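In our numbering, the protein residues as written are 1211 to 1546.
Dropping the structure here:
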């Protein structure tokens, strides 16, 4: 064994009595990096010196002894004083290491119980609607890594399958595409997470686009016969002004709707004071407020539902201020 490295690594991670599995992995890497792990793993078995050893044999023996004590020194310096008192009687590095492992890593039965609990936790995990892919997979991998820290084999393929079967329905189309285009046996966890995050980003952009495009319009997907049942009144009784029809066409273009689509509008019932020439308005008159955010109608029969507690003043495009009393929903079907 050779320990004549020109330099050593930085100080080892301090063990304070918690998370032994993590510390042991890091400490093992540290000892390997300094060329002394064999002294811990194999114990102290220096080569026998003959009666008349050569200079090379004497150097080899000295290097071995030095590496063994160096490993023990590293372990001593990597624990707090309370824990050091438990290994201070160890003569070799292997003895000190085994003492720590026995006390803090637990017996085989204790480790087995921990693994069973963690596996049960793994099986119960499911991505929530409000969670992101990043949040869910981080939580999942934390459980997986803790299982592996206890020495249990846990293949990536099992994690991939778990993710596929535990994401919400909004990922169904993406999962189907992945299953058709990829060999799940070869698909890595990182690749799967990347694909799901890309789909998640697309869903996010799409929802923002719809919100900006639709505004206050609520698209109603319904068959023609079903839609007819929801219409209040008939086309003959509801003649709309040219300005209203024009405004509706503009709103359709904004919302990306075709003329055959049916839409719901937030509409306010209009009540105008006598001083505002209400006599010149018929029951079929409609107004679009200056902000183009709501439609107003004089006839209450247009509404399928209404909240009469909403009262506000609205300034029209011609400068007239009118009182809007009540706000509700009306269903309108234009010419197909």
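A virtual CB, placed ideally from N, CA and C, is assigned to each residue, including glycine. Given the structure is predicted, the values throughout are model-derived calculations rather than measurements.
Looking only at DSSP bridge pairs, what is residue i linked to?
i            : result
residue 1225 : 1289
residue 1523 : 1533
Consult DSSP for residue i and reduce its assignment to one of helix, strand or coil.
i            : result
residue 1300 : coil
residue 1408 : helix
residue 1220 : coil
residue 1338 : coil
residue 1255 : coil
residue 1396 : coil
residue 1250 : helix
residue 1308 : helix
residue 1261 : coil
residue 1352 : helix
residue 1273 : helix
residue 1279 : helix
residue 1454 : Confidence in residue 1454 is poor, its pLDDT being 49 and thus under 50, which makes the residue's placement unreliable; the coordinate value appears in the next sentence. If DSSP states are grouped into helix, strand and coil, residue 1454 belongs with the helices.
For residue i, is the classification buried or exposed, using 16 other Cβ atoms within 10 angstroms of its Cβ as the cut-off for buried?
i            : result
residue 1155 : Only positions 1211 to 1546 of the chain appear in the structure, and residue 1155 is not among them; the question remains open.
residue 1403 : buried
residue 1415 : exposed
residue 1322 : exposed
residue 1417 : exposed
residue 1301 : exposed
residue 1549 : Residue 1549 is absent from the structure shown; the chain starts at 1211 and stops at 1546.
residue 1513 : buried
residue 1548 : Absent from the structure is residue 1548, since the part of the chain shown begins at 1211 and ends at 1546.
residue 1378 : exposed
residue 1356 : buried
residue 1297 : buried
residue 1522 : exposed
residue 1171 : No answer is possible for residue 1171: it lies beyond the span of the chain, which begins at 1211 and ends at 1546.
residue 1222 : buried
residue 1304 : buried
residue 1340 : exposed
residue 1285 : buried
residue 1202 : For the chain, the structure presents residues 1211 to 1546; residue 1202 sits outside this window and is missing.
residue 1506 : buried
residue 1224 : exposed
residue 1436 : Its pLDDT being 43, under 50, residue 1436 is placed unreliably by the model, and the measurement read from it follows with that caveat. Counting Cβ neighbours within 10 Å, residue 1436 comes out exposed, since fewer than 16 surround it.
residue 1540 : buried
I need the boundaries of the alpha helix (DSSP H) containing residue i, first residue and last residue.
i            : result
residue 1243 : 1230-1243
residue 1318 : 1318-1334
Enumerated in chain order, which unbroken segments of the beta strand (DSSP E) with a length of 3 residues or greater are wholly contained in the segment 1354-1392? none
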